[in-house]
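Taking it in order: structure first as structure tokens, then the write-up.
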Ligand code: FRU
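Residue numbers (the numbering used here): 123 to 627.
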């Protein structure tokens, strides 16, 4: 029986009301990041295929379109014109049959080397790992392309383009090598602890160039490599940085990322051996917190921009247990990279991009009182400079109620910078409550940038040479800001505070 016009109108009204209600609550949930990207619903892990193209930044991401746990891995998609305000689009590359779409990159094929682009036009090509199961697991490198600004994707009919008949061979990072005039791929052999470099004229035919590793930390799988040319800010020449994910076995437990500074001659990456990134010889960690993994950089940035990294703000130890709904997983802020060389050696410097979100500026100048008056509600940013205090231990505590706080501090006696989230709120799993530490360099400044969102604290210290990103699940968004010292005497601090505007409309 056909529905009456009244019934039809009512059901249309109901759909509209439900859509309006969803729009009201979306991105306003408890713990929903307000300045970090998260998908509207369902599971995400690694960022994929970061690329700037025709005025848009594209963020693809490991995504389960059907639920809030890992599975059905596909590429989700979001675009932005400022790296902060993201608009989520439909799934870009879905799981197909027994092929899941694992991590990879997207390049702009401006010379149509692949032949995928329309005549005389440039187009986007994705190089991703096809993960085949059930049956004997196999991972191969595959292509897909888009001729409509990343909106729709077609798989290459002759995939795979690289197949070693291995179960673990993944996460291709591809970029155009201007000097050599070919495509360059860094891809991981996770169990061998090797990053293998390949070259190609057309993204389809690949020739092996060299292997890097094993080196540095090899306690877990090597994943998500990225080879970056990083400009020097001062005191040294530009250098190459090779960043490699490690899971498990990172110093804070679970997943983390080490980096090496060195040179790349078009074929081979060699570590410089110079006193480098902090104290552990020629390699350091891109993040000393517990929650930053598989960060990759953007391809095709405007010529004078520095490399920009985005990571997955999470840890495989407890990623499946995060108490968030209807989404699970979020990205770090984008961070611009440069290299510095000073008395303490070489170090990667990371600067989070927040300026477009800053509002309600407050200047901070504290000498006597320990509390920064008024407090702040997440999301907010603090930039503090402690000068050169005589105190051995000092920093700031962010109280969300009388019993819950996160402490971020410098401990000169132990030569550590740290974030202590043991009292920060919900504990999630036994691996969650902890103090994450980074080696402190005596001759670098005691400065601190803290970005507090509803379920994370990103801290950057010592001129951005230490990054420390940690999830927190606090009791409230309201923060009392209390400076502390071991001697309980006030410490002098100058700086700035801003409220940050939400990135969601
Ligand atoms: C890292 C990782 C990658 C893989 C992807 C699968 O987090 O294990 O090596 O491509 O996740 O989702």
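Think of the CB as a built atom: it goes at the ideal place given N, C-alpha and C, for glycine as much as any other residue.
Quick caveat: nothing in here was measured; it's all calculated off a predicted structure.
Notebook entry, point to check: Going by the C-beta, is residue 293 closer than 7 Å to any heavy atom of the ligand FRU?
Noted result: yes
Margin query: Just to confirm my understanding: we take residue 199, look at its own chain, exclude 5 residues before and 5 after, and list those with CB closer than 6 Å. What are they?
Written below: 182, 211, 214
Next item on the list: Label residue 318 either buried or exposed according to how many other C-beta atoms from any shown protein chain fall within 10 Å of its C-beta, with 16 as the threshold for buried.
Entry: So residue 318 ends up on the buried side.
Next item on the list: Output yes or no for whether 8 Å exceeds the beta carbon distance between residue 483 and residue 599.
Entry: no
Item checked: Three-state class that DSSP yields for residue 556 in the structure shown -> coil
Note to self: Going residue by residue through the region 188 to 222, where are the continuous beta strand (DSSP E) segments of at least 3 residues, counting only ones entirely within it?
What the structure shows: 196 to 202, 209 to 215
Check: Is residue 218 near residue 247, with beta carbons less than 8 Å apart?
Finding: No, the pair does not count as a contact, with Cβ atoms beyond the cut-off.
Note to self: Shorter than 7 Å, the distance from the beta carbon of residue 225 to the closest heavy atom of the ligand COA, or not?
What the structure shows: Among the ligands modelled here, namely the ligand FRU, the ligand COA does not occur.
Margin query: Taking the alpha carbon of residue 465 as the reference point, which residue from 419, 549, 562 has its own alpha carbon closest?
Written below: 562
Notebook entry, point to check: Going by C-alpha distance, which of 501, 204, 531, 440 is nearest residue 174?
Noted result: 204
Check: Cα-Cα, which of 413, 606, 455, 603 is closest to residue 593?
Finding: 413
Checklist line | Close Cβ partners of residue 440 (< 7 Å) along its chain, the five nearest in sequence each way excluded | finding: 550, 551, 553, 554
Next item on the list: Quick one: grab the DSSP three-state call for residue 118.
Entry: No statement about residue 118 is possible, as the shown extent of the chain runs from 123 to 627 and does not include it.
Check: Would you say residue 254 touches the ligand FRU, meaning its beta carbon is less than 7 Å from a heavy atom?
Finding: Residue 254: no, Cβ never under 7 Å from the ligand FRU.
Next item on the list: State the start and end residues of the unbroken beta strand (DSSP E) segment that holds residue 181.
Entry: Secondary structure note for residue 181: its beta strand (DSSP E) is the uninterrupted segment 178 to 186.
Check: Within the present structure, is the beta-carbon of residue 281 separated from the nearest heavy atom of the ligand FRU by less than 7 Å?
Finding: Residue 281 has its Cβ no nearer than 7 Å to any heavy atom of the ligand FRU.
Notebook entry, point to check: On the three-state DSSP scale, how would you describe residue 477?
Noted result: helix
Note to self: Shorter than 7 Å, the distance from the beta carbon of residue 251 to the closest heavy atom of the ligand FRU, or not?
What the structure shows: yes
Note to self: Does residue 627 pass the burial test, meaning 16 or more other C-beta atoms within 10 Å, or should it be called exposed?
What the structure shows: exposed
Note to self: Please classify residue 474 as buried or exposed, where buried requires at least 16 other C-beta atoms within 10 Å of its C-beta.
What the structure shows: Its Cβ being crowded by 16 or more others within 10 Å, residue 474 is buried.
Next item on the list: Could you tell me if the beta carbon of residue 507 falls within a distance shorter than 7 Å of some heavy atom in the ligand FRU?
Entry: In this structure, the ligand FRU has no non-hydrogen atom nearer than 7 Å to the beta-carbon of residue 507.
Check: Could you give the C-beta distance for residue 180 and residue 171, rounded to a whole number, given that I count them as a contact under 8 Å?
Finding: 7 Å
Next item on the list: Please determine if the region 359 to 376 and the region 533 to 545 are in contact, where contact requires at least 3 C-beta pairs separated by less than 8 Å.
Entry: no
Check: In whole angstroms, what separates the C-alpha of residue 286 from that of residue 193?
Finding: Cα to Cα, the separation comes out at about 24 Å.
Note to self: Looking only at its chain, what residues have a beta carbon closer than 8 Å to the beta carbon of residue 385, apart from the 5 residues adjacent to it on each side?
What the structure shows: Here the set comprises 361, 362, 391, 392, 394.
Item checked: For residue 362, the three-state DSSP class (helix, strand or coil) -> strand
Margin query: Less than 8 Å between the beta carbons of residue 612 and residue 489, yes or no?
Written below: Yes, Cβ-Cβ distance for residue 612 and residue 489 is below 8 Å.
Item checked: Residue from 472, 333, 506 whose Cα sits closest to the Cα of residue 588 -> 472
Notebook entry, point to check: Would you say the beta carbon of residue 221 comes nearer than 7 Å to a heavy atom of the ligand FRU?
Noted result: no
Item checked: C-alpha distance - residue 311 paired with residue 293, whole-angstrom precision -> 9 Å
Notebook entry, point to check: Is the region 146 to 162 touching the region 432 to 449, taking contact as three or more C-beta pairs under 8 Å?
Noted result: yes
Notebook entry, point to check: Any chance the region 229 to 245 sits against the region 267 to 278, with 3 or more Cβ pairs inside 8 Å?
Noted result: yes
Checklist line | 6 Å Cβ shell around residue 421 - same chain, five flanking residues per side excluded | finding: 173, 229, 297
Check: In chain order, what residues of the same chain have a beta carbon less than 6 Å from the beta carbon of residue 324, not counting five sequence neighbours either side?
Finding: Closer than 6 Å at the Cβ level, and outside the excluded window around residue 324, lie 235, 236.
Next item on the list: Name the two residues that bound the continuous beta strand (DSSP E) containing residue 600.
Entry: Counting along the chain, the beta strand (DSSP E) containing residue 600 begins and ends at 600 to 607.
Check: CB of residue 375 to nearest heavy atom of the ligand FRU: below 7 Å?
Finding: no
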